[in-house]
Amino acid sequence: MDAILEVKDLTKQYDGFTLDHVSFTVPKGCIMGLVGENGAGKSTTIKAALGLIRPDAGGAAFWGRNLADAPELKEQVGVVFDGLSFYETLTPEKMGNVLRAAYRQWDDGLYKEYMQRFDLPFDKEFKGFSKGMKAKMAIAAALAHRPRFLVLDEATSGLDPVMRDDMLDVFLDFVQDEEHGILMSSHITTDLEKVADYITFIHEGRVLFCKPKDELRYRWGILRCGAAVFGQLDPAEMLAWRREEYQYDVLVPDKEAARRRHKDAVVDDATIDDILLLYVKGEKGK
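Mapping of the sequence shown onto the UniProt record's numbering: residues 1 to 286, in sequence order.
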């Protein structure tokens, strides 16, 4: 089986919000970036996939099986949530003792290796840890029971740029094993531009697209033009658009074709941030 995680038609309704038939697949050896604005449904998707909340419809399968039906698979999934809290009076050494009892595959040597690599003290109580130190601690703990799949929900948000870059290298090393994979939710889209293989964009509880990152970065672009050129555009080449003060910004699926077709317009490369902003704040194509 090529898929580690398959999310299919995942649906959950709350007052004022509906997670609406969310579907995507994380293949082996890949990092899936999950993006969207605050309240879009990213964390709800992750919690429903992990069985932490009960979906109203749909579901998620890890290696073809539901975690509720195959609890032994939970050992194979490492999870890090933003803001994960520890008992304030515990130390990493004491936490290691707790986790050793919880995981059959717990590796003390690997745990110590990551603690040293992340420059974390073994004997300091968690109440003296900064947010960044707690984030590194959570990642070290998730990796030390040797999972095959990581679920990271804003796991790097408390880290400074240098440490975050080091952590991204850890994630890239993790997926060098083609049996491994990562689902990574993050507001820091530059991180995903570095490490993700695919991007799933959730907006208002629905998946707007799931695409290879390289297609978004190297094929999609932003065409900037006046009203005359905008009026001549084929709707098929307009994924989303927004009227600015002096021009239209149009998200196009093939920037090289747009450059050939519209020589009087400027066509720029598009970052993931650019794409999300146009989808969220602009008008969307059919």
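Even for Gly, the Cβ is constructed at its ideal location relative to N, Cα and C.
Checklist entry - CB residue 268 to CB residue 224, shorter than 9 Å? => result Result yes, Cβ atoms of residue 268 and residue 224 sit closer than 9 Å.
Checklist entry - If we call anything under 9 Å between Cβ atoms a contact, is residue 19 one with residue 25? => result Contact: no.
Next on the checklist: With distance defined between alpha-carbon atoms, name the residue in 230, 241 and 280 nearest to residue 264.
Outcome noted: When only C-alpha atoms are compared, the closest one is 230.
Checklist entry - Is DSSP giving residue 150 helix, strand or coil here? => result The answer is strand: DSSP assigns residue 150 an E or B state.
Next on the checklist: If distances are taken between C-alpha atoms only, which option among 22, 126, 14 and 27 comes closest to residue 175?
Outcome noted: Considering only alpha carbons, the answer is 27.
Next on the checklist: Counting C-beta neighbours from all protein chains within 10 Å, is the total for residue 96 16 or more, i.e. buried, or is it exposed?
Outcome noted: Buried, since its Cβ has 16 or more Cβ neighbours within 10 Å.
Next on the checklist: Applying the 10 Å Cβ sphere with the 16-neighbour rule, what's the burial state of residue 76?
Outcome noted: With 16 or more Cβ atoms within 10 Å of its Cβ, residue 76 is classed as buried.
Item to check | Bridge partners - residue 136, DSSP secondary structure assignment | outcome: The partner list for residue 136 (beta bridge, DSSP) is empty, contrary to what the question assumes.
Checklist entry - Would DSSP call residue 121 helix, strand or coil? => result Here residue 121 sits in coil by DSSP.
Checklist entry - Shortest alpha-carbon distance to residue 271 belongs to which of 59, 219, 209 and 85? => result Ranking the options by Cα distance to residue 271, first place goes to 219.
Checklist entry - Considering residue 53, what are the terminal residues of the alpha helix (DSSP H) in which it resides? => result Annotation for residue 53: no alpha helix (DSSP H) segment contains it, and DSSP assigns it neither H nor E.
Item to check | Top-ranked residue by Cα proximity to residue 238, from 252, 247 and 244 | outcome: When each option's Cα is compared against that of residue 238, the closest is 252.
Next on the checklist: Tell me which residues share the same chain as residue 86 and place their Cβ nearer than 6 Å to its Cβ, disregarding the 5 neighbours each side in the sequence.
Outcome noted: For residue 86, same chain residues with a beta-carbon under 6 Å away, outside a window of 5 residues either side, are 126 in chain order.
Checklist entry - Which class does residue 271 belong to by DSSP, given the choice of helix, strand or coil? => result Coil, per DSSP.
Next on the checklist: Quick check: residue 181 and residue 32, are their CB atoms within less than 9 Å of each other?
Outcome noted: It is a contact, given that the beta carbons lie within the stated cut-off.
Checklist entry - Can you name the start and end residues of the beta strand (DSSP E) that residue 65 belongs to? => result Careful: residue 65 lies outside any beta strand (DSSP E) and carries neither H nor E.
Next on the checklist: If contacts are defined as beta-carbon pairs under 8 Å, then residue 184 and residue 34 qualify, I think. What distance do you get, rounded to the angstrom?
Outcome noted: Contact between residue 184 and residue 34 holds: CB atoms are separated by about 7 Å, below the 8 Å threshold.
Checklist entry - Hey, quick one: how far does the beta strand (DSSP E) through residue 8 stretch, first residue to last? => result Annotation for residue 8: the continuous beta strand (DSSP E) segment containing it runs 3-14.
Next on the checklist: Rounding to the nearest angstrom, what Cα-Cα distance links residue 52 and residue 217 in this structure?
Outcome noted: If you take the alpha carbons of residue 52 and residue 217, they lie about 34 Å apart.
Next on the checklist: Let's see if you can read the secondary structure: which residues bound the beta strand (DSSP E) around residue 238?
Outcome noted: Counting along the chain, no beta strand (DSSP E) covers residue 238, and no H or E run does either.
Item to check | Paired residues, beta bridge with residue 212 - DSSP | outcome: 198, per the DSSP bridge assignment.
Checklist entry - Going along the chain, which residues of its own chain have a beta-carbon closer than 8 Å to the beta-carbon of residue 74, five neighbours each way excluded? => result Cβ neighbours of residue 74 beyond the five flanking positions: 67.
Checklist entry - Do you know whose CA, among 249, 259, 260 and 262, lies nearest residue 282's CA? => result Residue 282 has its Cα closest to that of 249, out of 249, 259, 260 and 262.
Checklist entry - Looking at C-beta atoms only, is the number of pairs between the stretch 150-162 and the stretch 104-111 that lie closer than 8 Å three or more? => result Judged by Cβ distances under 8 Å, the stretch 150-162 makes no contact with the stretch 104-111, as fewer than three pairs qualify.
Checklist entry - For the beta strand (DSSP E) that contains residue 27, what are its first and last residues? => result Counting along the chain, the beta strand (DSSP E) containing residue 27 begins and ends at 17-27.
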